[in-house]
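Okay, structure first, notes after.
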Amino acid sequence: MTNALLVYPESPTSYWSLEHALDFVGKRSPMPPLGLLTVAGMFSEEFRLRIVDMNITPLTDADLNWADIVFTSTMIVQKDSLKEVIDRCNQVKVPVVAGGPHPTSFYDEIKGVDYFLLGEVEDILEEFLNDLKNGVAKHVYRALTRPDITKTPLPRYDLIDMRDYASMAIQWSRGCPFNCEFCDITKLFGRNPRTKTNKQVLVELDLLYDLGWRGPLFFVDDNFIGNKKKTMRLLPEIANWQKERNYPFALYTEASVNLAEMEPLMNAMVDASFNMVFLGIETTNSEALLKTKKHQNIKKGAENYLFNAVRKIQEKGLEVSAGFVLGLDGDREDVFDALIQFIQEAGISMAMVGILTALKGTDLHDRLQREDRLLEESTGNNISIELNFEPEMDRQTLIDGYKHVLATLYDPGLKNYFERCLTMIKHLKPTGNNVRGIGKTELMALIRSIKRQLFSRQGPAYLRFLFKVAKDYPRFFPEAVRLAIMGYHFEKVTSEL
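This is the structure we're talking about:
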């Protein structure tokens with residue numbers, strides 16, 4: 019048998035890493051490497067598999083000595099850790115295979131890799147493994163077609179210790195119907211969203227349930243409602259599954275802003291026990307939205323469309339978190355305060371703000387290359403202030419404005435953060451699925467939160483927030499504790515900028 023070691027390189031500290039919040043609940047990483055777990059399900063019984071998630075445990079010499087071959091999957095933010103993994107594999111002469119979004123776009127710049135598997139690997143992995151067995155493996159394998167994901171196997175959740183993770187992950191679809199200029203999703207996965215079957219999703223839910231998972235479950239789709247008709251047919255089946263098992267999973271996902279116009283779909287999401295959705299709002303600047311082809315975030319004749327969309331979703335019982343981008347063509351100096359005002363008034367507690375990055379392979383990258391505005395490649399880290407292009411706005415004005423936005427949203431005392439958390443809770447419709455219970459984990463989180471936050475600079479705003487929620491919205495008190503812990507992480511990361 020061949021010993022195949024699946025390695026997931028380490029992600030750097032960022033708003034997404036949540037590392038300062040995870041300690042409150044005794045977890046070590048936000049969620050497992052679903053891509054690698056899915057690939058693991060494609061191996062034959064000729065392979066003995068192990069997985070090392072370097073966000074949980076370090077890659078040891080013993081791991082490499084055990085391995086006959088190492089498989090890696092990375093996003094661009096993990097590129098530095100990937101280089102270290104490659105170097106270590108090269109030192110001990112263990113062949114290394116690289117796949118995932120980062121190698122797919124940058125394979126010609128990555129040194130020391132024996133084999134590249136580029137794109138979605140369902141249709142090329144078996145060919146590679148056969149070639150490897152016969153001693154004729156090529157250096158590069160690239161998927162030439164979009165695989166039929168109804169044939170994608172179950173992820174090997176059994177290879178990880180689920181207790182290390184704050185959430186589990188599952189995938190329903192790949193691709194997005196929109197074509198935002200700065201986004202690489204359509205280049206990687208296409209504009210025609212492909213979905214699994216309803217039965218596949220229910221079987222994956224069964225697997226997680228049988229392995230003992232209870233709690234948050236992230237549908238990792240880049241746009242959960244990309245194929246809204248199929249999603250609408252799936253949701254009632256999930257709702258029935260959840261009801262039969264007394265709602266073991268709290269679901270959340272990513273979607274486009276036009277979800278707000280789909281009332282039946284929002285109702286179905288709430289019935290299925292979705293309690294949060296991440297939206298790509300990007301900016302309130304309509305000129306910039308048009309220039310970056312984010313047409314779905316503009317509605318003719320509708321004033322305050324984005325604000326009203328957020329409020330509609332909240333009033334259905336779905337917490338809205340969102341991503342925002344600064345540095346778009348069309349941005350002027352008033353964009354910074356306008357963004358702060360929007361986020362505060364809308365009550366978007368988890369606001370992920372980043373400077374625009376021109377990702378290789380995107381329409382934006384191609385356009386800026388034609389305009390001779392490209393600089394060095396970016397790390398892709400959402401707290402990075404390294405611009406990889408020349409913006410229309412003065413470069414230093416953009417960097418200073420970005421820092422101002424983050425320092426205001428996540429000020430040292432978290433006054434603004436707790437204000438918008440309270441705004442969100444005021445408008446969040448209580449449902450049976452977004453009101454958390456209080457168990458041992460929640461009690462320990464509250465105790466740790468009080469110890470670290472009450473007697474810090476955050477103390478006054480923290481205490482006012484918890485008192486107000488306990489008095490006026492007691493059903494949301496466990497949610498308030500979660501939000502307080504998240505704020506602790508966001509402030510920590512902001513202070514390191």
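Residue numbers for the sequence shown follow the working numbering, so the first one is 19 and each next one is one higher. Quick reminder that beta carbons are idealized off the backbone N, C-alpha and C, glycines included.
- Cβ contact annotation for T449 (same chain, cutoff 7 angstroms, sequence separation greater than five): V288 and G335, in chain order.
- Look at L36 here: in three-state DSSP terms it is coil, with no helix or strand label.
- Our two residues, L344 and H383, have alpha carbons roughly 16 angstroms apart in a direct line.
- Assigned with DSSP and collapsed to three states, F473 falls in coil, not helix or strand.
- Here S513 is exposed, its C-beta having fewer than 16 other C-beta atoms within 10 Å.
- Linking A376 to R466 through their CA atoms gives a straight-line distance of about 40 angstroms.
- By the CB criterion at 7 angstroms, L23 and A85 fall inside the cutoff.
- At least 7 angstroms separates the beta-carbon of T204 from that of N245.
- Taking 7 angstroms as the cut-off, the beta carbon of G117 is found closer than this to the beta carbon of L135.
- In chain order, C198 and E300 place their CB closer than 7 angstroms to the CB of K312, counting only its own chain and leaving out the 5 sequence neighbours on each side.
- Distance between F342 and G419, taken at the CA atoms: about 13 angstroms.
- Counting the other Cβ atoms within 10 Å of the Cβ of D240 gives 16 or more, which makes it buried.
- With a 10 Å radius around the Cβ and a threshold of 16 neighbouring Cβ atoms, S62 comes out exposed.
- For Y159, the uninterrupted beta strand (DSSP E) segment begins and ends at V158 to R160.
- Per the coordinates, the alpha-carbon of T90 lies some 10 angstroms from the alpha-carbon of I69.
- Between the beta-carbon of L393 and that of I373 there is about 12 angstroms, and that puts the pair past the 8 angstroms contact cut.
- Put simply, of R263, L324 and R385 the residue whose alpha carbon is nearest the alpha carbon of S274 is L324.
- Put simply, the stretch 503-513 does not touch the stretch 440-448. Fewer than three CB pairs are less than 8 angstroms apart.
- Contact annotation: I188 and F237 have beta-carbon atoms nearer than 7 angstroms.
- Within the same chain, G477, Y480, A502 and Y506 come within 7 angstroms of Q471 by CB-CB distance, once the 5 residues on both sides are set aside.
- For the stretch 354-402, the full-length beta strand (DSSP E) segments reaching 3 residues or more read 369-373 along the chain.
- Of the candidates A306, G208 and V499, the residue whose Cα lies closest to the Cα of R350 is A306.
- Nearest C-alpha to V487 among R438, L515, R475 and L253: R438.
- Between I366 and A327, the CB-CB gap reaches or exceeds 7 angstroms.
- The C-beta of G319 has fewer than 16 other C-beta atoms within 10 Å across all chains shown, which makes the residue exposed.
- In this chain, the alpha helix (DSSP H) harbouring F508 covers F495 to S513.
- Taking the Cβ atoms as the reference, D149 lies roughly 18 angstroms from T163, outside the contact range of under 8 angstroms.
- The residues I443 and V487, in chain order, have a CB closer than 6 angstroms to that of F494 in the same chain once the five nearest residues on each side in sequence are set aside.
- If you look at M250, you'll find it in the alpha helix (DSSP H) that goes K246 to E262.
- Contact between the stretch 95-102 and the stretch 21-36 is present: three or more C-beta pairs spanning the two stretches fall below 8 angstroms.
- For R192, the secondary structure class from DSSP, reduced to helix, strand or coil, is strand.
- For I465, the enclosing alpha helix (DSSP H) starts and ends at K458 to S467.
- Taking the Cα of G208 as reference, the smallest distance to any Cα among M462, S191, N258 and T271 is reached at S191.
- In this structure I361 touches L427 by the C-beta definition: roughly 6 angstroms separates them, less than 8 angstroms.
- Classified as exposed, H422 has fewer than 16 neighbouring CB atoms from the shown chains inside 10 Å of its CB.
- Contact between L52 and Y26 fails: their C-beta atoms lie close to 10 angstroms from each other, not under 8 angstroms.
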